[in-house]
Every structure is written in C-alpha cells, then in structure tokens.
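A.B. asks: A single structure is presented below for examination.
2 protein chains.
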Amino acid sequence: MADSKPLIVVIEDEAPIRRFLRASLPLHGYRVLEAATAAEGIRHLAEQRPDLVILDLGLPDMEGLDVVRQIREWSEVPIVVLSARERESDKITALDAGADDYLTKPFGIGELLARLRVALRHGARRAAPEAATYEAGNWSVDLAARRVFVADEEVHLTPTEYRLLTVLIRHAGKVVTHRQLLRELWGDEHEDAQHTLRVHISQLRRKLEPDPTRPQHLMTEPGVGYRLREDEPGK
Amino acid sequence: MADSKPLIVVIEDEAPIRRFLRASLPLHGYRVLEAATAAEGIRHLAEQRPDLVILDLGLPDMEGLDVVRQIREWSEVPIVVLSARERESDKITALDAGADDYLTKPFGIGELLARLRVALRHGARRAAPEAATYEAGNWSVDLAARRVFVADEEVHLTPTEYRLLTVLIRHAGKVVTHRQLLRELWGDEHEDAQHTLRVHISQLRRKLEPDPTRPQHLMTEPGVGYRLREDEPGK
DNA sequence: CGGCGGCGTCAAGAAAATCTCAAGATTCAC
DNA sequence: GTGAATCTTGAGATTTTCTTGACGCCGCCG
Numbered sequence: 007m008a009d010s011k012p013l014i015v016v017i018e019d020e021a022p023i024r025r026f027l028r029a030s031l032p033l034h035g036y037r038v039l040e041a042a043t044a045a046e047g048i049r050h051l052a053e054q055r056p057d058l059v060i061l062d063l064g065l066p067d068m069e070g071l072d073v074v075r076q077i078r079e080w081s082e083v084p085i086v087v088l089s090a091r092e093r094e095s096d097k098i099t100a101l102d103a104g105a106d107d108y109l110t111k112p113f114g115i116g117e118l119l120a121r122l123r124v125a126l127r128h129g130a131r132r133a134a135p136e137a138a139t140y141e142a143g144n145w146s147v148d149l150a151a152r153r154v155f156v157a158d159e160e161v162h163l164t165p166t167e168y169r170l171l172t173v174l175i176r177h178a179g180k181v182v183t184h185r186q187l188l189r190e191l192w193g194d195e196h197e198d199a200q201h202t203l204r205v206h207i208s209q210l211r212r213k214l215e216p217d218p219t220r221p222q223h224l225m226t227e228p229g230v231g232y233r234l235r236e237d238e239p240g241k
Numbered sequence: 007m008a009d010s011k012p013l014i015v016v017i018e019d020e021a022p023i024r025r026f027l028r029a030s031l032p033l034h035g036y037r038v039l040e041a042a043t044a045a046e047g048i049r050h051l052a053e054q055r056p057d058l059v060i061l062d063l064g065l066p067d068m069e070g071l072d073v074v075r076q077i078r079e080w081s082e083v084p085i086v087v088l089s090a091r092e093r094e095s096d097k098i099t100a101l102d103a104g105a106d107d108y109l110t111k112p113f114g115i116g117e118l119l120a121r122l123r124v125a126l127r128h129g130a131r132r133a134a135p136e137a138a139t140y141e142a143g144n145w146s147v148d149l150a151a152r153r154v155f156v157a158d159e160e161v162h163l164t165p166t167e168y169r170l171l172t173v174l175i176r177h178a179g180k181v182v183t184h185r186q187l188l189r190e191l192w193g194d195e196h197e198d199a200q201h202t203l204r205v206h207i208s209q210l211r212r213k214l215e216p217d218p219t220r221p222q223h224l225m226t227e228p229g230v231g232y233r234l235r236e237d238e239p240g241k
C-alpha cells in the first residue's frame, strides 16, 4: 500500500462528477475504481480492499446512510462523503454513521484532495486490512454480502441476529460485555434488555451451532458476556 | 481516558466563541481547557495531553499554520481548525500541515460536535494498541480479551476469580492488604468476608499454580494480605 | 504439652445467571 | 387491515458461581 499508488473506490451515480474524478485523481497519484451503484461499490470494496472510499449519498439503489452503516459493519476503510445536501443534520448523521468527512457539492478539487490526504493519513496508521469474510469452524460469514453459511448451507438470520453476530465477529476472540452488546445493538438507552439478548444468542446458536447445547464458538462467559471463539491452528 | 470524559483544549482568542464552546462542550460530556494564545495553548497541550485540540487560525501571537506545524512536530493529537477564512487554499495548507478537520465560521454547533466525535474516534484508535497482557512464569493474562493461559492452556476463571487476579496484577509485586482486596472486590461494606477471600485465592491457586501447596506467584503475606510475585530477571 | 489464631481445602447449600420454550407485541409489506 | 416475520417478554428448568461452615495444618506462646 505504501509502496504503490493508493486505490480509491468512487461510488457515485452522476456521470459528470465521476468523469471529473476519473480525470483528476490519477493525476495526483491515485488509482481509481468506479461504481455507479451502492451494490457494485460494496462489491469492489470487498474484492479490492481500497485505501479509501468516496461515496455520494444520492445513490439510486440504496439510502446513502445505510451504505455507510453497512460498510462500517465490517470495514474501517476511510469514507469521504459527497452530497448535495447542505443540511446540518444530514452531515451529523452521516458522520455519526461512520463517515470520516463530508463535503457538500459543489466542492473544490483542491479541498477534496487535501481531505483525501487527511483521510489516507488516518487510514495508513491502521493495521492490516480487514477480511471481507469471517471463517470459523464450518462457518463462513460474507460480511460484504451479509450472507451466512454453515457447512456450505446458507442460513437465514434476522436483522438483529446478524448484527449481533457481526459485533461478536468484530471482537472475535475477546469477551464482549453484556453492556457492550446491548449498547451496540440497542443504543445507550436500553442497557437493561439482558433477557432479550440471551434469547437472540439462543436463536443464533440454534441456527449456527451443530449442538446448541454445547456451543463450539458462541461461548458464554457467565457473569460477563459472550465470546466468539476462533479456530485455534494447533488443534 | 476511556474511563473519564475526553479533554479538549480550545485555543481561540475571540471571547464570544470561547464562551460559546465553554458552555456547549461540557454539556456533551467533554472537559474543556481554554487558551487565548498559541503559546498558552501549546503549554496546555504539553502538560495535560488532551484528547483533542480545537484551534482558531486567527491568533494574535502566532501564525495559525505554524501552530499546527509546531504541534505536529511532537504530538499526534487530533486538531480541528476553526477559521473565518473560506479560501480553499487556506483549508488545503492547514489540512496538509497536519490538521484533521477544518470548519469555517460561522459553523453549526451540531456539525462541530459531530466532527469532534469523528476526530476522537481516530484518536482513540491510535491510542488503543496497548500491550494489554500480563506475563509471569508460564502465565499469560490477556487483559483485552479477558483470557488466562497457563503453559499455553487456557484456564477458565469465574468473574470473582478474574477480578481478584486483575487487582493483584494491578499491584503486581506489591503486597495488597486484605482490606484493600475486600474493598475492591465487594465494596466498602463487606470488609469482613476474609474467609470468602481465602477460598477464592485457594481456587485461583488451584487453577493457576502447578503445585497449589507451594505457590510460585500467588504469595500470601501472613497477617497482611497477598502479593503477586513477578518474574525476577536474574532467574 | 496443649490451646490459639491465621490459613488452606473441601463440600454443600444458597444465590445468581443463563437457557429454552412459547405466548404476546410489534413492524412492515402488500 | 391482514399476514408473515421479527422482536420482546414471561416462566420454569438448568447451570454456574458464590458463600458458608467444618475440619486440618502449622507455628507460636504460655
């Protein structure tokens, strides 16, 4: 990454802007991969592991905020948002959803480039790029496509179940506190719904574990929380 | 830092804005330290190690850009720049000098707060990689994952056992009084459960010590308390 | 020698946390 | 408004953890 040109994925449906970026960015030492839809952009993300994403919020196939959130479920790649909307609340929600910067159109190319450099500075410090799929035992979780397989059979998870699983994956190997899970799933408010959490864990086990009675990966740490056990190479 | 409110240093000479920030930021969970000049601000930086800096570019005693550059010579603290200047070139030079964000006055408090959260997110990630494991003999305690290994075999500890161990680790090498342990584990109230404490120590030894009869690390100091013996380099 | 206090171990009952099933709510699309 | 999917809540069974009491060991002092 440091030794070759940074790769930027541009997710933008307006052709003129895309053309503009396609022309400008390479002049400044970046490689560019384009996508006109969110789905295509996310596919690029998963396959190419770019160093940065430029994301237009006004995409045809998906709500812009949801794109940010979905990327953030599994990737920490820096996201620079472009948007025609100037409303402060739009900026706030986008930034809180996980975007790293927010530029309103029309923007100057110079400022965009400078902000890209800032975002890449941050990204460069980050450790090895994350994998787009998580594997453990005979599980396989395709984080980009939001699909889960057990022994090559696809398993359907409800939204909550899936989010719970991604939180555990994000902290794989570590114990995740009840409180932490509750906060990530339901927000700071409902830090009381312990019981609900247990039920969802139970459901996940029923769907993913061969023998839900004796979990192989979805371990409970009594009095503390839950932990996703990773494969141990030596075993 | 994670356990207390983030500290923000505000370097700003305009009193109204300073007053405004002094009023708003604490309402959103931040501690604030103010400086009206660059020199004072830099002094605060060096002494307090804040989590973030809000910097006005129009300071009386120093050119704004130089402030950024000077801070960056020795600190990576996130810097959010406020400026009345809208010129694109000003933004670019500030960002390239090391600023993490750039807001032009007048700015909305909501957007400022959102961008502060982004900058703090980055800062937190940078500070995170602490070697959070304790080693002694053939023990290895992964404090981040809350896991304990003895001779590469994972050992399961109950919540109380684990907390007891972490207290001793926190004071590794030093004697920890009975009273101190009781207070840390059960609160000021139950300073009588000496016997219970002994049982837990016993359990810990059974799980961690090769020969619980002759402890290598979980030493008892008769009449006083317990002590976690560290490795001695000379052995 | 014999009693005493501090300590460690064991085991049993009490307490707390967790799991599971199933019955209401709720949500969302149609 | 209806129905399907999902989420939440309740209750009882089950598991894990904590506490307590009994007992034995050891060193010390009278």
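Chains as they are written, first to last, in this note's numbering: chain A, 7 to 241; chain B, 7 to 241. Just so it is clear, CB atoms sit at the ideal spot from N, CA and C, and this is done for glycine as well.
(1) Contact criterion: CB-CB distance below 7 Å. Does threonine 226 (chain B) meet it with respect to chain A?
(2) Using C-beta distances below 7 Å, list every residue in its chain close to lysine 241 (chain A), excluding the 5 sequence neighbours before and after it, in chain order.
(3) Can you check whether the C-beta of glutamate 117 (chain A) is within less than 7 Å of a C-beta belonging to chain B?
(4) Please list the terminal residues of the continuous alpha helix (DSSP H) segment that includes glycine 231 (chain A).
(5) With 7 Å as the threshold, decide whether the Cβ of proline 165 (chain B) is near any Cβ in chain A.
(6) Please list the terminal residues of the continuous beta strand (DSSP E) segment that includes alanine 142 (chain B).
(7) Assign alanine 8 (chain B) to one of two classes, buried (16 or more other C-beta atoms within 10 Å of its C-beta) or exposed (fewer than that).
(8) Got a sec: is the Cβ-Cβ distance from isoleucine 17 (chain A) to anything in chain B below 7 Å?
(9) Once you ignore the five residues that flank histidine 128 (chain A) on each side, which residues in its own chain have a CB closer than 8 Å to its CB?
(10) Determine, for glutamate 195 (chain A), whether the minimum Cβ-Cβ distance to residues of chain B falls below 7 Å.
(11) Decide if alanine 157 (chain B) is buried, meaning its Cβ has at least 16 other Cβ atoms within 10 Å, or exposed.
(12) By a C-beta neighbour count over all protein chains shown, 10 Å radius and 16 as the cutoff for buried, is lysine 97 (chain B) buried or exposed?
(13) Are the C-beta atoms of valine 124 (chain B) and some chain A residue less than 7 Å apart?
(14) Can you tell me whether tryptophan 80 (chain A) is buried or exposed, with buried defined as 16 or more other CB within 10 angstroms of its CB?
(15) Give every residue of the same chain whose Cβ lies closer than 7 Å to the Cβ of aspartate 237 (chain B), excluding the five residues on either side of it in the sequence, and list them in chain order.
(16) So, for alanine 45 (chain B): in the same chain, excluding its five sequence neighbours on each side, which residues have a beta-carbon less than 8 Å away from its beta-carbon?
(17) Please say whether arginine 28 (chain A) and valine 6 (chain A) have beta carbons closer to each other than 7 Å?
(18) Going by Cα to Cα distance, which pick from B:Tyr36, B:Gly64, B:Val74 and B:Glu82 is closest to serine 246 (chain B)?
(19) Are the CB atoms of aspartate 246 (chain B) and leucine 101 (chain B) nearer to each other than 7 Å?
C.D. replies: Looking at the coordinates:
(1) no
(2) Unreliable placement is indicated for lysine 241 (chain A), whose pLDDT of 44 sits below 50; the coordinate value is still reported in the next sentence. If we look at lysine 241 (chain A) and ignore the five residues flanking it on each side, it has no Cβ neighbours.
(3) yes
(4) Here glycine 231 (chain A) belongs to no alpha helix (DSSP H); instead the beta strand (DSSP E) covers 231-234.
(5) yes
(6) 139-142
(7) For alanine 8 (chain B), the pLDDT reaches just 49, beneath the cut-off of 50, and the residue's location in the model is therefore unreliable, leaving the point undetermined.
(8) no
(9) Pro84 and Asp106
(10) no
(11) exposed
(12) buried
(13) yes
(14) buried
(15) Ala142 and Gly143
(16) Asp67 and Met68
(17) The question about residue 6 (chain A) has no answer, for chain A in this structure spans 7 to 241.
(18) The displayed coordinates of chain B run from 7 to 241. Any statement about residue 246 (chain B) would go beyond what the structure contains.
(19) With chain B running from 7 to 241 in the structure shown, residue 246 (chain B) is simply not present.
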